[in-house]
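One line per chain: the protein sequences are A, B and C, in this order.
In terms of the numbering used here, the first sequence opens at residue 83 and continues consecutively.
In terms of the numbering used here, the second sequence opens at residue -13 and continues consecutively.
In terms of the numbering used here, the third sequence opens at residue 38 and continues consecutively.
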Amino acid sequence: MYINGIGLVDAKAELNISGMRRAGRFAKLAVAAATAAVKDSSLSLSGTETGIILATAFGPHATTFEFLDNILTYSEKEVSPTLFSHSVHNAAAFYVAAALNATGPTLSVTDFYHPFYQALSLARFWLKTGMCKEVLVGKSEESGKVMSDIVMVSSRPEVTIQEGALFILLGTQDNAKPYRHQFIDSPFEEKDMAKVANSLRL
Amino acid sequence: MSNDPQLETIRKKLKELLVSQLSLENIKPEEIKDDEILFGEGLGLDSLDAVEIVVLLQRNFGLEIKDMNQGKKIFQSLDTLAKYVYENTKK
Amino acid sequence: MKDIVVTGMGAICAAGKNIPAILQSFIQEERNPQIPALFKTGLAYPLFEVKDFYAQNNEMRTIALLRHALGEALSSAGAYDRLKERRVGVVIGTTIACQMNDIDFYRNYKEGNDPDYTQVDRFLDSNPAYAVKTMLALNGPAMTVANACSSGTDALGVALSWLKNDLCDMVICGGADELNHVPYCGFGSLSVTSGEPCRPFDRDRKGLNLGEGAGIVILEKRSSNDSQIVLADYASYADAYHLTAPKPGGENLKRAIYKVLKNSGVKPEDIAFVNAHGTSTRDNDKVEGQVLRDIFGETLKFHSTKSYTGHTLGAAGGLEAVFACLGLREGWIAKNLGFENIDPEIGIAPVRSKSSVNGRYALSTSLAFGGNNSVLLFKIG
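Structure below.
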């Protein structure tokens, strides 16, 4: 398994992406990072056999709270369907797929602690078993006043929110620039994943 | 009827609402033609925009679209939309 | 490569709080969607609530439903004792549990009204896979799938990957979702909900009814030659077309169905039945119905069990996997309630009465917002 491209987008990023007029920041971060990873690789994607796995801890929470604002401000019949449909965790992965014309398997996964590791492990299996030719594996997180406030007051201090997005383009061949990390094909080990994630500045 | 100032006010308001509520990019309200086609071509809106317009009409004009088949006819163009609002809100 | 078999199942939904009760509802052809009792609302879309079911100790309702179905699944697998000695993974699909959909909390927070912050702790404790891992002190991977309406089906796909790649010896998988005021408003605003009980695939269908529940399947490598239900394959393809509408023509659903058939050397006529996604929306049923017609023809036996459970979102794939397994095991599938007239745009009809099924293979299909098309192939033998 090889990392053929990396796209990293941080909180300061200006995100002007065409075709995403209704999307919130969470989805835009994901699309920016995914397209950056593909560009970084200089490869063309197969499209039909391109998988996507997007991991996140909190998803598009800012949009969820905007939708709750709608419910409180307007009547139940006057809430925005656009906000609602963009408040679900997997809307971002849809935008990534649409931006790259990727019609392979697309999965969004969520965990408050280590969402990226599981995604990475699964991506390797997808490639090993031929479910797809290449996989974009990523993590996206957006900041937001409400979620930051309430998480800080909660009794779970180990949970944090850090805005940014990362995608890597994983493939079975070293088709692009060699990176400082190759995957050695061994059973999933949490400490190996931690090493990779640390070096990718996750 | 087309010179009725109330209809003109409605048209203007609809144009502003469409741009802001649907987050339309690269177009200002005043650039939308009075008879602009809304779906497919023209503004190129889609099914999600259609249900958003239903909410927009409810919030801003108190009008309820009972089902989307009714909506299809009303939403054909800015002209049909404006006339629908005009017909259903004039005193 | 050993078969991956279903060693246990558990389910809870409006049709019943366990599998025997649900089968009874199927046999009696009973359903009773009603306007919500779980929360106050001025909207009048009927829902499929699980009646007389209450979460305890501030547990999120989704987790309580999950816990309930999990108990039945583990008992039926005789698995409690085996949990410690094996590498046990858990993968659960959901949509509600991963969002802070607590209107009362949010209102109090906004108004500076001393909001109850234990609700935030509850939210942070309610990642379903993580909750199960903690409940049972499991030692394997835990993953929560948030893929909208195909989450449960996709969770079984992940479980299959883990087992085939020898990451686990056993996987607890499926989906869970509660009824909640927030998505109730949301789906209403999308104009996809019906003011009457749903009518999957019917010519005059008006939309979906939301539901709640949990469907859990225990998967392990086959260890005996007795006849068992095998999870033979999984495939999923994305439309990359539109966030809320399926791609007309359903080409990616077709790809997924053809892939699982081809991988297992199964012909369309070998399929005993299909448990369809069948939400009863104009769009879904048209696209899905046309695909089933094109691949299987009008002799196909298929149904939507959402006519008994409502659309349970993240739980749907888990529940429907259980129902597909039951169909193979019992040799019959339930009448598709609400269906009267063929939709000329679809051209085929689901089963109009309880129907015996013959054949070793069954499919469960799921189509999700965001454009996922996911398929599971089950086999008995």
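Every residue gets a Cβ at the ideal spot worked out from N, C-alpha and C, and that includes glycine.
- Between the stretch 186 to 206 of chain C and the stretch 345 to 353 of chain C, the count of Cβ pairs shorter than 8 Å is three or higher; the stretches touch.
- DSSP places G87 of chain A within a strand segment (E or B) once states are collapsed to three.
- Restricting attention to alpha helix (DSSP H) runs no shorter than 4 residues, the stretch 210 to 235 of chain A encloses them at 227 to 235, ordered along the chain.
- Judged by their CB atoms, K221 of chain A and P197 of chain A are nearer to each other than the 8 Å cut-off.
- Under the DSSP definition of a beta bridge, S190 of chain A partners with A:L136.
- Listed by position along chain B, the residues whose Cβ is nearer than 7 Å to that of H314 of chain C form an empty set, because the closest Cβ is around 18 Å away.
- Residue range 155 to 161 is occupied by the alpha helix (DSSP H) that includes D158 of chain C.
- Taking C-beta atoms as the reference points, P152 of chain C and I129 of chain C fail to come closer than 8 Å.
- Considered as a whole, the stretch 228 to 276 of chain C harbours 250 to 258, 266 to 275 as its complete beta strand (DSSP E) runs of no fewer than 3 residues, in chain order.
- Bounds of the beta strand (DSSP E) holding T44 of chain C are 41 to 50.
- Counting C-beta atoms within 10 angstroms of its own C-beta, E257 of chain C has 16 or more neighbours from the protein chains shown and is therefore classed as buried.
- Residue environment analysis places D118 of chain C among the exposed positions, since fewer than 16 neighbouring C-beta atoms fall within 10 angstroms of its C-beta.
- When 8 Å is used as the limit between beta carbons, D32 of chain B is near these residues of chain C: H279, A282, in chain order.
- DSSP lists no bridge partner for S123 of chain A.
- Distances from the CA of G244 of chain C to each of C:Q61, C:C235, C:A51 were compared; the closest alpha carbon is that of C:C235.
- Taking all protein chains shown into account, I64 of chain C has fewer than 16 neighbouring C-beta atoms within 10 Å of its C-beta and is therefore exposed.
- The bridge partners DSSP lists for Q71 of chain C are C:L84.
- In the structure shown, A213 of chain C falls within a strand segment according to DSSP collapsed to helix, strand and coil.
- Between S226 of chain C and V41 of chain B, the CB-CB gap stays under 8 Å.
- The beta carbon of N138 of chain C sits closer than 8 Å to the beta carbons of N217, H218, V219, P220 from its chain, once the five residues preceding and following it are set aside; these are given in chain order.
- Counting the other CB atoms within 10 Å of its CB gives L374 of chain C a total of 16 or more, which places it among the buried residues.
- The stretch 130 to 139 of chain A makes contact with the stretch 206 to 215 of chain A: 3 or more CB pairs, one atom from each, lie closer than 8 Å.
- By alpha-carbon distance to V208 of chain C, the top candidate from C:T44, C:I379, C:I417, C:T346 is C:T44.
- For G246 of chain A, the enclosing beta strand (DSSP E) starts and ends at 246 to 253.
- The C-beta of Q62 of chain B comes no closer than 8 Å to any C-beta of chain A.
- The CB of S226 of chain C comes closer than 9 Å to the CB of V37, E38, V40, V41 in chain B, given here in chain order.
- Under the Cβ distance rule, Y156 of chain A counts among the residues neighbouring chain B, one pair being separated by less than 8 Å.
- At a Cβ-Cβ threshold of 8 Å, M38 of chain C and I253 of chain C do not count as neighbours.
- Across the set C:R124, C:N55, C:L298, C:V303, the C-alpha of C:R124 shows the shortest separation from the C-alpha of D203 of chain C.
- With respect to Q327 of chain C, I417 of chain C sits apart: the two C-beta atoms are not nearer than 8 Å.
- Under the three-state reduction of DSSP, M207 of chain C is assigned to strand.
- Residue pairing by DSSP places V128 of chain C opposite C:M180, C:C210 in a beta bridge.
- No Cβ-Cβ contact shorter than 8 Å links V388 of chain C with T402 of chain C.
- Its chain contains R104 as the residues whose beta carbon lies nearer than 7 Å to that of T164 of chain A, once the 5 sequence neighbours on both sides are disregarded; these appear in chain order.
- DSSP places K14 of chain B in the coil class of the three-state scheme, outside both helix and strand.
- Under the 8 Å criterion on CB atoms, L10 of chain B is classed as interfacial with respect to chain A.
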